[in-house]
Structures are given as structure tokens and as C-alpha cells.
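Chemist: Numbering (my numbering), first residue to last: 32 to 183.
Note that beta-carbon positions come from the ideal geometry of N, C-alpha and C, so glycine has one too.
It should be emphasised that the depicted structure is a prediction, and the values quoted were computed from it without experimental measurement.
Next up is a structure, given as C-alpha cells.
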């Protein structure tokens with residue numbers, strides 16, 4: 032690597048100007064031999080059309096489904112009947128779903144396929160995975176009670 036200059040010392044047109052950048056490391060592409068990602072050319076920027084703070088990343092498959100009333104932690108929500116409960120709660124802006132028993136760290140759905148158990152909620156007094164449950168009218172949903180006892 033002796034004699035190689037970092038790619039940000041040169042521009043593509045030789046003018047010493049800003050030039051184009053490798054998007055993964057924000058360095059110019061000209062002779063990008065030292066680019067840590069090994070990028071040799073330009074890549075189109077990915078523009079995310081959704082933000083966890085501004086919109087939902089969960090697409091509703093059937094917009095015509097009837098909305099039903101469910102209660103989450105005492106608040107009434109109108110959710111689409113028959114849709115995935117975890118997706119509907121996330122789309123409604125509910126976070127977190129639960130807290131870990133030991134540290135109290137907030138948890139939200141992670142895998143959305145029933146493997147991680149991070150979406151546990153209490154539905155009508157029974158602890159269930161929200162990602163494996165369909166929305167039904169009149170559900171009473173809450174964060175699960177801690178299983179930890181102070182005697183242990």
C-alpha cells in the first residue's frame with residue numbers, strides 16, 4: 032500500500048474540487064484504493080420513504096377491513112379486524128410492547144414471525160405473542176406483568 036494516496040485527495044476531474052463520493056465512507060471515488068469498503072464506483076443513494084418517527088413501515092393488505100375497538104393499557108384504539116396485532120399496534124404508534132423483567136429495558140417486536148418473543152403482550156389476561164395473533168373486536172391488551180419476584 033506504499034505510495035497510495037487516500038481517495039479524498041483527488042477529484043475525478045483533477046480540479047481538486049469536491050468530486051463524487053463513495054456513499055459508504057463519504058470519500059471521493061477517484062482511485063478509491065483505500066476506501067475501507069472497497070468501493071470502486073458510484074452508488075445511487077437509497078431514499079427511505081418511511082421513518083419510525085413519522086410513518087409506519089407496515090403495509091396494510093386489505094384497506095376495506097372493518098375497524099374494531101381494542102384497548103391497550105387503558106387507551107382505546109381502532110384497529111383493522113383480522114390483521115396482525117403486532118403490525119397494527121406498531122402502525123398505531125404503540126411502543127414499547129413490554130419491558131424485560133430484570134432490567135426493565137423496553138422491547139418491541141423484532142422478528143415478526145414468532146421466534147424472538149419480544150412482542151409479548153397480555154390479551155384478556157393471557158400472555159401471547161402479538162405477531163402471531165389477529166386483531167379481534169373487544170380485545171383488552173396490556174404489557175405483561177413481570178414474572179420476577181423479590182424473594183428470588
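One question on the structure: do residue 128 and residue 157 come within less than 7 angstroms of each other, judged by their Cβ atoms?
Modeler: It is not a contact, given that the beta carbons lie outside the stated cut-off.
Chemist: Determine the contact status of residue 123 and residue 150, defining contact as a CB-CB distance below 7 angstroms.
Modeler: Taking 7 angstroms as the Cβ cut-off, residue 123 and residue 150 do not qualify as a contacting pair.
Chemist: Taking the beta strand (DSSP E) that residue 107 belongs to, which residues open and close that run?
Modeler: Start and end: 106-111.
Chemist: Sort 126, 146, 171 by Cα distance to residue 160 and report the nearest one.
Modeler: 146
Chemist: Taking DSSP's pairing of strands, which residues face residue 173 in a bridge?
Modeler: 153
Chemist: DSSP on residue 119, reduced to helix/strand/coil?
Modeler: helix
Chemist: With 16 as the cutoff for other CB atoms within 10 Å, does residue 142 come out buried or exposed?
Modeler: Under a 10 Å Cβ-count criterion, residue 142 is classified as exposed, with fewer than 16 other Cβ atoms of the shown protein chains found around its own Cβ.
Chemist: Does the contact criterion of 3 or more C-beta pairs under 8 angstroms hold for the region 98-117 versus the region 131-138?
Modeler: The region 98-117 is not in contact with the region 131-138.
Chemist: Report yes if the CB atom of residue 103 is closer than 7 angstroms to the CB atom of residue 172, and no otherwise.
Modeler: Cβ distance < 7 angstroms, so residue 103 and residue 172 count as in contact.
Chemist: According to the Cβ coordinates, are residue 108 and residue 101 closer than 7 angstroms?
Modeler: Result yes, Cβ atoms of residue 108 and residue 101 sit closer than 7 angstroms.
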